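One structure below.
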Amino acid sequence: MAIQAPQDPREPAFMAAVGVLPPEQALATSVAFAADRQRSFSLLAEAEAESASAGELLQLVDKTYGLTADYEPTELVSLNNYKLRVSRNDLQLRHAIMDAVLAMDQAARADGVALVFSSAYRSYHYQDGLFTRYAGQHGEAQADRFSARPGHSQHQLGTAIDFGSIDDTFAETAAGKWMAENAWRFGFSLSYPQDMEERTGYIWESWHFRYITVPGARIERDFFGGIQQYFLEFLTEYRRGFTAAPAS
Ligand SMILES: [Zn+2]
């Protein structure tokens with residue numbers, strides 16, 4: 001009888017997790033991962049380590065997965081304490097991501113591009129009021145396409161930022177083009193890309209970026225076609241693979 005080497009526990013967790021993706025993406029992810037398994041798993045470990053040290057940066061928050069009403073991110077800081085361009089003076093983000101924010105802002109400036117920070121942390125209660133207002137104006141079904149129900153907004157994490165005009169014109173600005181091309185290098189990712197509404201639940205938001213760590217942004221790019229929703233859905237399932245009780 002052949003003696004089998006003990007199986008790396010990451011392998012079955014990985015196999016199970018790609019199963020949550022659409023078949024074509026699952027295949028593309030598997031192929032890209034398999035090209036260099038060691039690198040793939042170490043990138044994942046690096047992203048997880050940074051996330052853990054910052055009190056969780058890779059949590060899936062979407063139409064299905066929500067945050068509780070009392071969830072508040074650790075260590076919110078005011079953007080007024082930094083040399084950043086803000087469109088209002090009550091903006092807050094998590095301290096843990098400020099190095100990345102400042103590095104990105106500096107790099108944009110060096111390229112002659114001004115980033116304007118327009119919206120950042122939103123509490124559960126603020127989001128509640130916002131959704132109620134939009135639903136009153138547009139009806140609930142329409143409001144659901146562009147506004148999150150309370151507890152289901154990435155903004156409650158304190159790691160999501162809206163830039164510039166917060167509308168479609170942003171994509172065509174110098175800042176919009178710069179962000180589309182460079183944000184990933186600083187660990188930021190476009191949460192709601194074009195033509196992904198069916199999966200993300202939201203229309204294209206060229207102005208909305210979430211910090212997912214630098215190795216996380218690389219993983220998203222290299223293995224998930226640049227789609228944050230796929231990466232975070234995968235990761236949620238992958239983590240489950242290590243905590244779930246073994247099948248009987
Ligand atoms: Zn946003």
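Taking our numbering, the leading residue of the sequence shown gets 1, the next gets one more, and so forth. Positions of the beta carbon are idealized from the N, C-alpha and C atoms, including for glycine. Given the structure is predicted, the values throughout are model-derived calculations rather than measurements.
Reduced DSSP category for Leu130 - H, G, I as helix; E, B as strand; rest coil: Here residue 130 refers to the residue found at position 130 of the sequence shown. Three-state result, Leu130: helix.
Cβ-heavy atom distance, Glu48 to ligand 1, below 8 Å: The sequence position of residue 48 within the sequence shown is 48, counting from 1. Glu48 Cβ: outside cutoff for every heavy atom of ligand 1.
heavy atom of ligand 1 below 8 Å from Ser189 C-beta: Position 189 of the sequence shown, counting from 1, holds the residue named residue 189. No, the beta carbon of Ser189 sits no closer than 8 Å to any heavy atom of ligand 1.
Sub-9 Å separation of Phe186 and Ala107 beta-carbons: Reading the sequence shown from its first residue, position 186 is the one you call residue 186. Reading the sequence shown from its first residue, position 107 is the one you call residue 107. Yes, they are a contact pair.
Residues bridged to Ile161 (per DSSP): Position 161 of the sequence shown, counted from the first residue, corresponds to residue 161. DSSP lists Phe209 as partners of Ile161.
Cβ-Cβ distance between Phe223 and Ala17 below 9 Å: Translated into the one-based positions of the sequence shown, residue 223 becomes position 223. Translated into the one-based positions of the sequence shown, residue 17 becomes position 17. No.
Burial state of Ser248, where buried means 16 or more other Cβ atoms lie within 10 Å: Indexing the sequence shown from 1 puts residue 248 at position 248. Residue placement at Ser248 is flagged as unreliable, the pLDDT there being 49, under the threshold of 50; the coordinate-derived value follows with that caveat. Exposed is the call here.
Buried versus exposed, by CB contacts within 10 Å (16 or more), Ala35: If you number the sequence shown from 1, residue 35 lands on position 35. Looking at its Cβ environment, which holds fewer than 16 other Cβ atoms inside 10 Å, Ala35 is exposed.
Contact belief for Ile166 with Ser118 at Cβ below 8 Å, rounded distance in angstroms: Taking the first residue of the sequence shown as position 1, residue 166 is located at position 166. Taking the first residue of the sequence shown as position 1, residue 118 is located at position 118. The pair is a contact, with the Cβ atoms about 5 Å apart (cut-off 8 Å).
Segment limits, alpha helix (DSSP H) that includes Val18: Residue numbering aside, residue 18 sits at position 18 when the sequence shown is read from its first letter. Start and end: Arg10 to Val18.
Which residues DSSP lists as bridging Phe188, in chain order: Residue numbering aside, residue 188 sits at position 188 when the sequence shown is read from its first letter. Phe188 pairs with Tyr211.
Cβ-based neighbour list, Glu233, same chain, cut-off 6 Å, excluding 5 preceding and 5 following: The residue you call residue 233 lines up with position 233 of the sequence shown. If we look at Glu233 and ignore the five residues flanking it on each side, its Cβ neighbours are Val20.
Pairwise C-alpha distance: Ala49 and Phe242: To locate residue 242, count along the sequence shown from 1; it is residue 242. To locate residue 49, count along the sequence shown from 1; it is residue 49. Going from the Cα of Phe242 to the Cα of Ala49 covers about 15 Å.
Where Leu84 falls: helix, strand or coil (DSSP): As a working note, residue 84 is residue 84 in the sequence shown. The answer is coil: DSSP assigns Leu84 none of H, G, I, E or B.
Closer than 8 Å: Ser40 CB and nearest ligand 1 heavy atom: Against the sequence shown, residue 40 aligns to sequence position 40. Ser40: no, Cβ never under 8 Å from ligand 1.
Option in Asn182, Arg145, Leu27 and Val86 with minimal Cα separation from Arg199: Taking the sequence shown and counting its residues from 1, one reaches residue 199 at position 199. Cα-wise, what sits closest to Arg199 is Arg145.
Inter-residue Cα distance where the pair is Ala47 and Trp184: What you label residue 47 is simply residue 47 of the sequence shown in a count that begins at 1. What you label residue 184 is simply residue 184 of the sequence shown in a count that begins at 1. Spanning the two alpha carbons is a distance of roughly 13 Å.
Backbone CA spacing between Thr173 and Phe231 [nearest angstrom]: Working through the sequence shown from its first residue, we reach residue 173 at position 173. Working through the sequence shown from its first residue, we reach residue 231 at position 231. The C-alpha of Phe231 is placed about 27 Å away from the C-alpha of Thr173.
DSSP bridge partner residues for Ser314 (one or two, in chain order): The requested residue 314 does not occur in the structure, where the chain is confined to residues 1 to 248.
Simplified DSSP state of Leu27, which is helix, strand or coil: Sequence index remark: in the sequence shown, residue 27 carries index 27 (1-based). Note: Leu27 maps to helix in three-state DSSP.
Same chain only: Cβ atoms within 7 Å of Leu84, ignoring 5 sequence neighbours per side: The residue you call residue 84 lines up with position 84 of the sequence shown. Closer than 7 Å at Cβ, skipping near neighbours: Asp105 and Phe117.
Closest by C-alpha distance to Lys63, when choosing among Arg10, Phe209, Ala103 and Pro150: In the sequence shown, counting from the first residue as 1, residue 63 sits at position 63. In this structure, Pro150 is the residue among Arg10, Phe209, Ala103 and Pro150 with its C-alpha nearest to the C-alpha of Lys63.
Whole-angstrom C-beta distance between Phe14 and Tyr238, which should lie under 8 Å: Here residue 238 is taken as the residue at index 238 of the sequence shown, counted from 1. Here residue 14 is taken as the residue at index 14 of the sequence shown, counted from 1. Indeed they touch by this definition, with Cβ atoms about 6 Å apart.
Top-ranked residue by Cα proximity to Leu58, from Gly176, Leu157, Ala148 and Leu102: Walking along the sequence shown from the start, residue 58 turns up at place 58. When only C-alpha atoms are compared, the closest one is Leu157.
CA-to-CA distance, Pro215 to Thr132, given in whole angstroms: Against the sequence shown, residue 132 aligns to sequence position 132. Against the sequence shown, residue 215 aligns to sequence position 215. Their Cα atoms are separated by approximately 37 Å.
For His155 and Tyr121, believed in contact at Cβ under 8 Å, the rounded distance: Position 121 of the sequence shown, counting from 1, holds the residue named residue 121. Position 155 of the sequence shown, counting from 1, holds the residue named residue 155. Rounded to the nearest angstrom, the Cβ distance from Tyr121 to His155 is 6 Å, consistent with a contact under 8 Å.
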